[in-house]
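Reading through the C-alpha cells given below for one structure.
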Amino acid sequence: MHRLFDNRNTLGLLFMLPAAALLLVFLTYPLGLGVWLGFTDAKVGRPGEWVGLENYVYLWGDSVTRLALFNTLLYTVVASVLKFFLGLWLAILLNQHLPFKSFFRAAILLPYIVPTALSAIAFWWIFDAQFSIISWVLTKFGLIDRYIDFLGDPWNARWSVIAANVWRGVPFVAITLLAGLQTISPSLYEAAAIDGASGWQRFWHVTLPLLTPIIAVVMTFSVLFTFTDFQLIYVITRGGPLNSTHLMATLSFQRAIPGGALGEGAAIAIAMVPFLLAAILFSYFGLQRRAWQQGATDR
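Next comes the structure, spelled out in C-alpha cells:
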C-alpha cells in the first residue's frame, strides 16, 4: 500500500477522484438526461416516449426558434466584438503609468462583481419607457422631443440588451488582458523603439502576437458566457417584445418549464452544443499557438 501511494500517477488519480465525482454528478448526468429528453416528447409530470428527431425537425421549421438562433448569434457576435475592443483599450490604458492606477483597476471590476440580477434590474429601470434616465437627459438637452421606447421596439430592445451585456462583460476582458500585458517584457518594447518602430508598430508586432494566446482564451470564455446568457435577458425583457430578444437559453427555459414541453426545451438546449464546441476549438488552437511560441514540439 505504501508503494502504491508513492506512485505519482496513482496519487494523481486519487486526488482527481473527488473532482471527477462532482463532474459526473453535476455535469455528465444532467447533460446525458438533457440529450435523452431531446429525443422524447416528455412533458412536465409525464416521462414521455421516444420520438427520435421529431423535436429537432419541428424546431427547424419553427419561426420562433429560428428567430432565437438569429438573436443569439447577433447578440454573441456584436457583444463579444465590442467587449474585446473596449476591454483591450482599457487594458492598454490601465497598463500605462497613471495616477491612482490601483484605484481605477479596482473600480473597473465593479460591473462584473455586481450580481447579474441586480445589474439587470438597474438596466431595466434605465431603459424604462417612462422613467428612462437616458431619455430624460436627452430631452433636457433638447436632443429628442419624446422618450425613446428602448424595450418596446424589437431592434431597440436588441441593442439595449447588448449594451447591458457589454457593460457587464468588459471588466472580465480588460482585467484578463491586463494580466497578459504585464507578462510582456519591457525590453521588447525598448528594442522595437530603438529599431524605430512607431507606437502602432510596437502594438502590432510585439503586443498583439504575444497577447494572442490570452486573447484566444479570454474570448472563448466571453463567447461562452454571452452565448449562454440567461439572467440578463430574462430579467430585462423575458424575450420580448415579440420574441425579439429571446436567446436559445431563454427560449429553452420558456418551452421546458413554463410551457411544460421538456423534450422540446431540451432539444433547443442541446442544439446550442455545436456552437459551444466551436468556441472551445477556438481556444484549443490558441493554446496550440502558445505552445509553439514557447518552443514546444508536436509529439
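Taking our numbering, the leading residue of the sequence shown gets 128, the next gets one more, and so forth.
Cβ atoms here follow ideal geometry from the backbone N, Cα and C, with glycine treated the same way.
Note that the structure is predicted; figures quoted are calculated from it, not measured.
My understanding is that residue i touches residue j, with C-beta atoms under 8 Å, so please give their C-beta distance in whole angstroms.
i    : j    : result
N292 : L359 : 6 Å
V300 : S379 : Not a contact, Cβ separation roughly 26 Å.
L305 : L221 : 5 Å
L194 : N370 : 6 Å
L196 : M375 : 6 Å
F166 : V178 : 7 Å
The alpha helix (DSSP H) with residue i in it runs from where to where?
i    : result
Q381 : M375 to A383
Y274 : It is not in any alpha helix (DSSP H) - Y274 carries neither H nor E in the DSSP assignment.
E181 : E181 to W187
G326 : G326 to R329
L154 : No alpha helix (DSSP H) contains L154, which DSSP labels as neither H nor E.
R295 : P281 to L308
R173 : Per DSSP, R173 belongs to no alpha helix (DSSP H) and is neither H nor E.
G386 : Taken as a continuous stretch (DSSP letters only), G386 belongs to no alpha helix (DSSP H), as it is neither H nor E.
V264 : I260 to K267
P313 : P313 to I321
I'd like to check one pair, residue j with residue i: are the Cβ atoms closer than 8 Å?
i    : j    : result
Y248 : V162 : In the sequence under discussion, the amino acid at residue 248 is Ile, which differs from the Tyr named in the question. It is not a contact, given that the beta carbons lie outside the stated cut-off.
F254 : F277 : yes
I302 : L245 : no
G214 : V288 : no
T347 : F409 : yes
V171 : L389 : yes
A320 : H332 : no
L308 : A234 : no
F357 : T334 : no
Y239 : R173 : no
In chain order, what residues of the same chain lie with their CB nearer than 7 Å to the CB of residue i, ignoring the 5 residues before and after it?
i    : result
L209 : V293
I260 : I253
T372 : N198, A284, R285, V288, I360, T364 and G366
N136 : none
L403 : L351 and F354
L315 : V333
Could you give the DSSP three-state label for residue i: helix, strand or coil?
i    : result
T364 : coil
T167 : strand
G139 : helix
I407 : helix
W401 : Trp is not the amino acid found at residue 401; the sequence shown has Pro there. It is helical.
H224 : coil
V333 : helix
V205 : helix
V241 : coil
Q358 : helix
F412 : helix
T235 : Per the sequence shown, the amino acid found at residue 235 is Ile instead of Thr. The answer is coil: DSSP assigns I235 none of H, G, I, E or B.
S371 : coil
W419 : Residue placement at W419 cannot be trusted, given a pLDDT of 47 that sits under 50; what the coordinates show is reported in the next sentence. Helix at W419.
N198 : helix
F254 : coil
L278 : coil
N134 : coil
Go through its chain and collect everything with a Cβ distance to residue i's Cβ below 6 Å, but skip five positions before and after it.
i    : result
W216 : none
L158 : none
S262 : Y274 and I275
By Cβ distance below 8 Å, which residues in the same chain neighbour residue i in space, the five residues on each side in sequence not counted?
i    : result
L186 : T192, E391, A394, I395 and A398
G386 : G392
R232 : L221, I302 and L305
Verify the contact flag: residue i, CB atom, against every heavy atom of the ligand ZN, threshold strictly below 7 Å.
i    : result
V362 : Ligands are entirely absent from the displayed structure, and the ligand ZN is therefore not among its contents.
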